[in-house]
Amino acid sequence: PPHDETGHTWHHPDQMLFEFTKYGPQKFAGADYRSIMPGYENQLSDTEIWQVLAYIKAQWPESIQTKHTEAFAQ
Numbered sequence: 087p088p089h090d091e092t093g094h095t096w097h098h099p100d101q102m103l104f105e106f107t108k109y110g111p112q113k114f115a116g117a118d119y120r121s122i123m124p125g126y127e128n129q130l131s132d133t134e135i136w137q138v139l140a141y142i143k144a145q146w147p148e149s150i151q152t153k154h155t156e157a158f159a160q
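Per my numbering, the sequence shown starts with residue 87, numbered consecutively.
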């Protein structure tokens, strides 16, 4: 799905987005889940993954950023 406000990326907490990006969707959906998205743990450092996620989140409209922040405030 797209990572903009029309997708559901913003419905998930940051740590889940990080792990999904680092390890791939199979970690969450099971080994038989079919997806072309790989995990990026061997291509990107943890810092780089967080930077990519920060960039994606910065593209969301302010209203979506606020909803995400409020939904996952600790």
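Positions of the beta carbon are idealized from the N, C-alpha and C atoms, including for glycine.
Nearest neighbour of residue i, chosen from the options [CA to CA]
i	options	result
Leu130	Phe114, Glu105, Gln151	Glu105
Pro124	Thr133, Gly110, His98, Ile142	Gly110
Ser126	Ala144, Asp118, Arg120, Leu103	Per the sequence shown, the amino acid found at residue 126 is Tyr instead of Ser. Nearest C-alpha to Tyr126: Leu103.
Thr92	Lys143, Phe114, Asp132, Lys113	Lys143
Cβ neighbour criterion (16 or more within 10 Å) applied to residue i
i	result
Thr107	buried
His154	buried
Beta-carbon separation (whole angstroms), residue i vs residue j, contact threshold 8 Å
i	j	result
Ile150	Trp96	5 Å
Asp100	Trp146	Contact doesn't hold; Cβ gap of about 13 Å is too wide.
Pro87	His94	6 Å
message: I'd like the ranges of any alpha helix (DSSP H) spanning at least 4 consecutive residues and lying wholly in the region 100-155.
response: 100-109, 112-115, 132-144
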